[in-house]
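Have a look at the structure below before the remarks.
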Amino acid sequence: MSHEHGTPAPATEMFEPPAWEERYAGDGSIWSGNANAQLVAEASALTPGTALDVGCGEGGDVIWLAARGWTVTGADFSANGLARAARHAEDADVAENVTWWQVDAREFEADGRSFDLVTTHFLHPPDGGMVEVTRRLWDAVAPGGHLLVVGHAPSPLFTHLSESHRQAMFLAADLLPALPDDAEVLVVEERPRIAVRDGVEVEIADATLLARKPAAG
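Residues 1 to 217 (the working numbering) are what the sequence shown spells out, left to right.
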């Protein structure tokens, strides 16, 4: 569970809790603390309500949403990551608008909870697992609410990564089978974005899926 700004975990550990607990155990920040670009692009146009950010890491997106009037649940499978995020929310003076939920996205169940916005950024379970995760996240979207899923699209820039890392990347269209027929698909595209890799600006693409659930009644 990661935001853009950081070095991926080793291939065999990239989606397992122990590696992330260790990674978040230190004092230094792992990510930039900035909100992810596609969240800003899409959520800025939405009326604030309740939001769920799955794979929230250190809480950059949670804090951005809370500061703009959303009531946010930040979810991650790392207790250390959630502790960092909670500290950052306190520092940003938005803690009263945020709750935390330790859960693995691969086993996530809505359990009757629903949110006006469900979002996840750069969550890359192996073996094509993002389709199933997207299906689980859709179940947590309230009637009339939105699901925003963003990830790394495959790119020649990632050839230095392991095969398992590359296979975990996806195109937005790859996730469409997770959505029911009545989902209103608003965005399904790879959006170019400038990122900094080893001090050099490069263009990468964010696989971006935005869908709206039909309103009740």
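Using N, Cα and C, we set each Cβ at its ideal position, and we do this for glycine too.
**Message:** Please report the straight-line C-alpha distance between V131 and V62, rounded to a whole angstrom.
**Reply:** As a first step, residue 131 is located in the sequence shown; it is residue number 131 there, counting from the start. As a first step, residue 62 is located in the sequence shown; it is residue number 62 there, counting from the start. Cα-Cα distance, rounded: 23 Å.
**Message:** Can you check which of these residues, A83, G69 and R68, is closest to A75 by C-alpha distance?
**Reply:** What you label residue 75 is simply residue 75 of the sequence shown in a count that begins at 1. Taking each of A83, G69 and R68 in turn and checking the Cα distance to A75, the smallest one comes out for A83.
**Request:** Look at the Cβ atom of L147, then the Cβ atom of V54, and state whether they are nearer than 8 Å.
**Result:** Walking along the sequence shown from the start, residue 147 turns up at place 147. Walking along the sequence shown from the start, residue 54 turns up at place 54. Contact flag unset, no.
**Message:** Mapping the DSSP letters down to three states, classify T134 as helix, strand or coil.
**Reply:** In the sequence shown, the residue the question calls residue 134 occupies position 134. For T134, the secondary structure class from DSSP, reduced to helix, strand or coil, is helix.
**Message:** Just verifying my parser: in three-state terms, what is the DSSP assignment at A35?
**Reply:** One-based indexing of the sequence shown puts residue 35 at position 35. Under the three-state reduction of DSSP output, A35 falls in the coil class, being neither helix nor strand.
**Request:** Determine the direct distance from the alpha carbon of T73 to that of V94, and round the result to whole angstroms.
**Result:** In the sequence shown, the residue the question calls residue 94 occupies position 94. In the sequence shown, the residue the question calls residue 73 occupies position 73. Approximately 12 Å between the Cα atoms of the pair.
**Request:** Let me know if P143 comes out buried or exposed under the rule of 16 or more other beta-carbons within 10 Å of its beta-carbon.
**Result:** Position 143 of the sequence shown, counting from 1, holds the residue named residue 143. When all chains shown are included, P143 counts as exposed.
**Prompt:** Which value, in whole angstroms, describes the spacing of the CA atoms of E201 and R193?
**Reply:** As a position in the sequence shown, residue 201 is number 201, starting the count at 1. As a position in the sequence shown, residue 193 is number 193, starting the count at 1. C-alpha separation (whole angstroms): 10 Å.
**Prompt:** What whole-angstrom Cβ distance do V219 and V141 have, given they're in contact under 8 Å?
**Reply:** With the chain represented from 1 up to 217, any question about residue 219 goes unanswered, as that position is not in the structure.
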